[in-house]
Amino acid sequence: MEAQNLLSRFFPNYKIPLIRASKKPFSSSLPSNPSFHSLLQSHNCVSFKTHHSPCLKGSLKTIFFCLNASENAVLEEKDYKKPRVVKRKKLAVFISGGGSNFKSVHEACFEGLVHGDIVVLVTNKPDCGGAEYAKNKEIPVVLFPRTKDAPDGLSPSDLVAALRRLEVDFILLAGYLKLIPAELIQAYPRSILNIHPSLLPAFGGKGYYGMKVHKAVIASGARYSGPTIHFVDEHYDTGRILAQRVVPVLANDTAEDLAARVLHEEHQLYVEVTAALCEERLIWREDGVPLIQNKENPNEYS
Numbered sequence: 000m001e002a003q004n005l006l007s008r009f010f011p012n013y014k015i016p017l018i019r020a021s022k023k024p025f026s027s028s029l030p031s032n033p034s035f036h037s038l039l040q041s042h043n044c045v046s047f048k049t050h051h052s053p054c055l056k057g058s059l060k061t062i063f064f065c066l067n068a069s070e071n072a073v074l075e076e077k078d079y080k081k082p083r084v085v086k087r088k089k090l091a092v093f094i095s096g097g098g099s100n101f102k103s104v105h106e107a108c109f110e111g112l113v114h115g116d117i118v119v120l121v122t123n124k125p126d127c128g129g130a131e132y133a134k135n136k137e138i139p140v141v142l143f144p145r146t147k148d149a150p151d152g153l154s155p156s157d158l159v160a161a162l163r164r165l166e167v168d169f170i171l172l173a174g175y176l177k178l179i180p181a182e183l184i185q186a187y188p189r190s191i192l193n194i195h196p197s198l199l200p201a202f203g204g205k206g207y208y209g210m211k212v213h214k215a216v217i218a219s220g221a222r223y224s225g226p227t228i229h230f231v232d233e234h235y236d237t238g239r240i241l242a243q244r245v246v247p248v249l250a251n252d253t254a255e256d257l258a259a260r261v262l263h264e265e266h267q268l269y270v271e272v273t274a275a276l277c278e279e280r281l282i283w284r285e286d287g288v289p290l291i292q293n294k295e296n297p298n299e300y301s
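Under numbering that gives the first Met the number 0, the final residue of the sequence shown carries the number 301; numbering is consecutive throughout.
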């Protein structure tokens with residue numbers, strides 16, 4: 000048969016299985032040979048499929064054949080790049096209280112939902128619930144900032160140095176009530192996120208935190224609220240918005256009712272955004288707006 004004879008001329012030791020009138024594809028490896036390629040290209044062939052994949056500096060070369068009732072074959076060559084390897088990211092989390100979002104992200108890292116690890120917890124309240132959780136999970140706890148009441152706390156420059164030593168990639172604020180110093184923002188541009196319990200820019204800024212936010216939302220008559228994740232700048236809650244999740248404000252809601260509904264969404268949203276960060280799926284639009292690339296469809300953004 001022509002295909003058999005053609006292959007045997009160039010590769011005496013290579014045997015190709017004989018197939019009669021089969022429409023099902025099969026696979027078989029072929030050695031690489033330039034003369035063989037040119038000869039095959041001169042024949043009018045169609046229809047059997049086989050894979051040959053020697054490594055070629057950063058790409059895999061694959062040869063495709065198809066074989067049907069016809070005894071002719073055609074060669075199609077395609078280059079495939081090796082998949083890009085994304086390194087596991089190191090995260091620092093800042094809290095001032097119970098740290099429920101911190102716990103949620105930590106659990107997601109442990110379960111493999113986030114391609115990263117929390118390597119340090121930073122807090123201004125060393126006895127808070129989140130700090131106790133970190134100690135139990137053997138996550139280092141750093142006190143910041145240094146004050147009269149907390150002389151063991153780090154200065155801004157010391158904190159930057161400590162985060163650098165730990166090779167921190169991203170910083171997540173999760174209920175941290177202090178203003179982030181300019182030194183830290185400059186050291187980690189576009190790498191510090193905060194979560195706020197309202198749909199910014201509404202009900203944000205200095206003094207808007209915790210239950211105060213939810214009381215203000217209800218008092219305003221707003222029909223919707225929800226968490227916002229945004230990049231951090233030198234001011235309270237004014238950085239670029241990255242993600243939001245909407246919840247209804249019901250007619251008979253108390254601040255506690257609304258807070259619970261928003262917090263449930265916070266836990267999910269922060270994990271999703273952190274996963275996108277660690278997988279390097281953040282895209283900055285030309286006008287400076289950050290977007291999240293869809294994992295299943297890279298051409299879609301949120």
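All C-beta atoms, glycine included, are put in the ideal place defined by N, C-alpha and C.
Which residue wins for smallest C-alpha separation from Y208, given the options A173, Y187, S156 and F230?
Of A173, Y187, S156 and F230, the residue nearest in Cα terms is A173.
Measuring alpha carbon to alpha carbon, tell me which residue in V159, A160 and V141 is nearest D151.
Checking every option, the nearest Cα to that of D151 belongs to V141.
Assign T122 to buried or exposed, taking buried as 16 or more other Cβ atoms, counted over all protein chains shown, within 10 Å of its Cβ.
Classification of T122: buried, given that the 10 Å Cβ count is 16 or more.
Of the choices R284, G97, A274 and E285, whose alpha-carbon is the least far from that of L192?
Comparing Cα-Cα distances from L192 to each of R284, G97, A274 and E285, the minimum goes to A274.
Count the other CB atoms, across all protein chains shown, that sit within 10 Å of the CB of S156; report buried if there are 16 or more and exposed otherwise.
Per the 10 Å Cβ criterion, exposed.
Select from F143, T146, D148 and V118 the residue whose C-alpha is nearest the C-alpha of K134.
Comparing Cα positions, the closest option is V118.
Between A160 and the rest of its own chain, which residues show a CB-CB distance below 7 angstroms, the 5 nearest in sequence each way excluded?
Same-chain partners within the cutoff: there are none.
What's the C-alpha gap between C44 and D168?
Bear in mind that the predicted position of C44 carries a pLDDT of just 46, short of 50, making it unreliable; the figure below should be weighed with that in mind. Straight-line Cα distance between these residues: approximately 53 angstroms.
Can you name the start and end residues of the beta strand (DSSP E) that A133 belongs to?
No beta strand (DSSP E) contains A133, which is instead part of the alpha helix (DSSP H) from G128 to N135.
Quick one: which unbroken beta strand (DSSP E) runs of 3-plus residues sit fully inside the stretch 176-249? Chain order, please.
If we require 3 residues or more, the beta strand (DSSP E) runs fully inside the stretch 176-249 come out as 191-195, 227-230 and 240-243.
Out of P144, L120 and D126, state which residue places its alpha-carbon closest to the alpha-carbon of E137.
Selected option, being the one with the closest Cα: L120.
From L183 to G204, what distance separates their C-alpha atoms?
Going from the Cα of L183 to the Cα of G204 covers about 19 angstroms.
Could you tell me the distance, in whole angstroms, from the CA atom of K88 to the CA atom of F109?
Their Cα atoms are separated by approximately 13 angstroms.
Starting from F93, trace the beta strand (DSSP E) in both directions and tell me its first and last residue.
Segment K88 to I94, the beta strand (DSSP E) holding F93.
Is V45 helix, strand or coil by DSSP?
Low confidence applies here, because V45 scores a pLDDT of 45, under 50, leaving its location unreliable; read the following figure in that light. Coil at V45, not helix or strand.
Give me the Cα-Cα distance between A215 and F101, rounded to the nearest whole angstrom.
Using only the alpha carbons, I get a separation of about 25 angstroms.
Beta-carbon within less than 7 angstroms of L55's beta-carbon, same chain only, minus the 5 sequence neighbours each way: which residues are those?
With a pLDDT of 41 at L55, under the threshold of 50, the modelled position of this residue cannot be trusted; read the value that follows with caution. Same-chain partners within the cutoff: there are none.
Is the beta carbon of I179 less than 9 angstroms from the beta carbon of A242?
No, these two residues do not count as a Cβ contact at 9 angstroms.
Helix, strand or coil, according to DSSP, for V104 in the structure here?
Three-state DSSP puts V104 in a helix.
CB L268 to CB P226, shorter than 9 angstroms?
Cβ distance < 9 angstroms, so L268 and P226 count as in contact.
Give me, in chain order, the residues of the same chain whose beta-carbon lies closer than 7 angstroms to that of E299; leave out the 5 immediate sequence neighbours on both sides.
These residues qualify, in order along the chain: N293.
If you draw a straight line from the alpha carbon of L90 to that of H114, how long is it in whole angstroms?
Those two C-alpha atoms are separated by around 10 angstroms.
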